[in-house]
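Asker: If you scroll down you'll find the structure; I have some questions about it.
Protein chains in written order, with this note's numbering: chain R, 99 to 196; chain C, 334 to 498.
Here it is in structure tokens:
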């Protein structure tokens, strides 16, 4: 398989995730955009691992680490969003910033 | 274009289309469910790139728990009435920046790696990944478990109601 397909897909996913982080008003959906960007990175790591045929499986092990960190990030992020909701009764980032 | 590439292109179209729908949908729960489609398609791409263990971890962790957590959070923070617009006023700036990032990264990748091919010589089975993880990557693995523990304890502390002290 050509290496370009996963790389171009990951670029597209990263751009869409960046748009989501910057454009969504709901704080939970901003976190979803971050997850999408992390997934684009995972795709890159796996693609380069498979291309390099790495003896240590560096890319795939690092992908597992990224998935774990993403799970930790979304857990902590959603806890912060819930605390924010309890404090100001909204998760709208425009309203909160005002 | 062989069969693997054809399947990959189909999965890539599904993944980017549902990602776009997830980031533009006005129904919040629909966004989370479109994200499930995206993550599933990316897991299929992992399988096609011979990373089958990573694909199953993706299905278990992302589709199984992260999206459930997000749907819980969406339902707990449901707003009664109020605003209807789901995007901020600077959505066009965001769209331009997203397109610039995607095109810039894609052009860099195409310029740097055109003509390279994935041969699939070393398949990422659970056995080989486990060998690599517990022979060569043990220290990062242990540090990561500490990070995960700290993050989860922090999440519990932050989300406690706070009226007991």
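Ideal Cβ placement from N, Cα and C applies to all residues, glycine included.
Alpha carbon to alpha carbon, how far is residue 476(C) from residue 144(R)? Give it in angstroms, no decimals.
Answerer: Straight-line Cα distance between these residues: approximately 22 Å.
Asker: On the DSSP bridge list, what partners appear for residue 56(R)?
Answerer: For chain R, the structure presents residues 99 to 196; residue 56(R) sits outside this window and is missing.
Asker: Identify which residue in 465(C), 482(C), 464(C) and 455(C) has its Cα closest to the Cα of residue 148(R).
Answerer: Closest option to residue 148(R), Cα to Cα, is 455(C).
Asker: Are the region 431 to 447 of chain C and the region 105 to 117 of chain R in contact at 8 Å, needing three or more beta carbon pairs?
Answerer: Yes, the region 431 to 447 of chain C is in contact with the region 105 to 117 of chain R.
Asker: Select from 102(R), 184(R), 178(R) and 129(R) the residue whose C-alpha is nearest the C-alpha of residue 168(R).
Answerer: Per the Cα distances, 129(R).
Asker: From which residue to which residue does the alpha helix (DSSP H) around residue 385(C) run?
Answerer: It spans 385 to 391 - the alpha helix (DSSP H) in which residue 385(C) sits, taken as one unbroken run.
Asker: Along the chain, where does the alpha helix (DSSP H) that runs through residue 470(C) open and close?
Answerer: No alpha helix (DSSP H) holds residue 470(C); DSSP gives it neither H nor E.
Asker: Excluding the five sequence neighbours on either side, which residues of its own chain have a C-beta within less than 7 Å of the C-beta of residue 101(R), listed in chain order?
Answerer: Cβ within range, chain order: 145 and 149.
Asker: I believe residue 419(C) touches residue 187(R) by the beta-carbon criterion, under 8 Å. Please report the beta-carbon distance rounded to the nearest angstrom.
Answerer: About 18 Å separates the two Cβ atoms, so there is no contact after all.
Asker: In chain order, what residues of the same chain lie with their CB nearer than 6 Å to the CB of residue 364(C), ignoring the 5 residues before and after it?
Answerer: So the qualifying residues of the chain are 355 and 358.
Asker: Please decide whether residue 434(C) counts as near chain R, where near means a Cβ-Cβ distance under 8 Å.
Answerer: So yes, residue 434(C) belongs to the interface.
Asker: Could you check what DSSP says for residue 196(R) in three-state terms: helix, strand or coil?
Answerer: Residue state, collapsed to three classes: coil.
Asker: Which residues in the same chain as residue 156(R) place their Cβ atom closer than 6 Å to its Cβ, once the five residues preceding and following it in sequence are excluded?
Answerer: Correct list: empty, nothing qualifies.
Asker: Can you name the residues that DSSP bridges to residue 450(C)?
Answerer: BP columns for residue 450(C) point to 100(R).
Asker: Do you know how far the Cα of residue 423(C) is from the Cα of residue 175(R)?
Answerer: Answer to the nearest angstrom: the Cα atoms are 23 Å apart.
Asker: Determine the burial state of residue 368(C): buried for a count of at least 16 other Cβ atoms within 10 Å of its Cβ, exposed for fewer.
Answerer: Counting Cβ neighbours within 10 Å, residue 368(C) comes out buried, since at least 16 surround it.
Asker: Can you confirm whether residue 430(C), when its beta carbon is compared against all beta carbons of chain R, has any partner nearer than 8 Å?
Answerer: Closer than 8 Å: yes.
Asker: Taking all protein chains shown into account, decide if residue 104(R) is buried (16 or more other Cβ within 10 angstroms of its Cβ) or exposed.
Answerer: When all chains shown are included, residue 104(R) counts as buried.
Asker: Since residue 456(C) is in the alpha helix (DSSP H), which residue starts that stretch and which ends it?
Answerer: That residue, residue 456(C), is in no alpha helix (DSSP H); it is neither H nor E in DSSP.
Asker: Listed from N- to C-terminal order along the chain, which residues in the region 383 to 395 of chain C have their beta-carbon within a distance smaller than 8 Å of any beta-carbon of chain R?
Answerer: Listed in sequence order: 383, 384, 386, 387, 390, 391, 394 and 395.
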